[in-house]
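Asks: Start counting the sequence shown at 23; every next residue gets the next number (the numbering used here). Got a structure for you, written out below as structure tokens; questions coming shortly.
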Amino acid sequence: MLVKHFGGCLCGLVKFEVEAPANLSVIRCNCSICCKKQNDYFIVSKDKFILLTGSDQLTTYTFCTHTAKHMFCRQCGVQSFFQPRNNPDVYGIMPHCI
Numbered sequence: 023m024l025v026k027h028f029g030g031c032l033c034g035l036v037k038f039e040v041e042a043p044a045n046l047s048v049i050r051c052n053c054s055i056c057c058k059k060q061n062d063y064f065i066v067s068k069d070k071f072i073l074l075t076g077s078d079q080l081t082t083y084t085f086c087t088h089t090a091k092h093m094f095c096r097q098c099g100v101q102s103f104f105q106p107r108n109n110p111d112v113y114g115i116m117p118h119c120i
């Protein structure tokens with residue numbers, strides 16, 4: 023059963039809503055950037071994600087193949103979600119941001 027989760031960055035400029043299971047299945051990524059940032063995340067399809075506020079506050083970081091899109095708040099620097107390189111139809115959501 024899917025429930026609504028609300029989340030965002032530290033300063034509150036970026037806010038989002040996702041539909042995901044109540045009990046989240048969290049992934050630990052072992053790519054170079056995620057290892058440095060100790061990113062854990064869960065996956066939602068793009069149709070289950072709504073950016074409520076802050077599209078103008080997001081900055082995107084890419085590297086290597088430029089396929090993955092690591093988006094973060096330009097004010098506080100928190101990355102709440104990203105687009106993984108292996109599946110552009112989903113978002114990785116950081117559970118500590120909900």
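Positions of the beta carbon are idealized from the N, C-alpha and C atoms, including for glycine.
1) Closer than 6 Å by C-beta to T82: which residues in its own chain qualify, once you throw out the five before and the five after it? Chain order, please.
2) Give the DSSP-derived three-state secondary structure of Q79 in the structure shown.
3) Below 8 Å between beta carbons: does that hold for L35 and C95?
4) Any Cβ of chain B within less than 8 Å of the Cβ of K58?
5) Run through DSSP, which three-state label would S67 get?
6) Tell me the rounded alpha-carbon separation between K68 and Q79.
Replies: Reading off the structure:
1) K91, M93
2) DSSP places Q79 in helix when its eight states are reduced to three.
3) yes
4) Absent here is chain B; the protein component of the structure consists of one chain.
5) strand
6) A straight-line Cα-Cα distance of about 19 Å links K68 and Q79.
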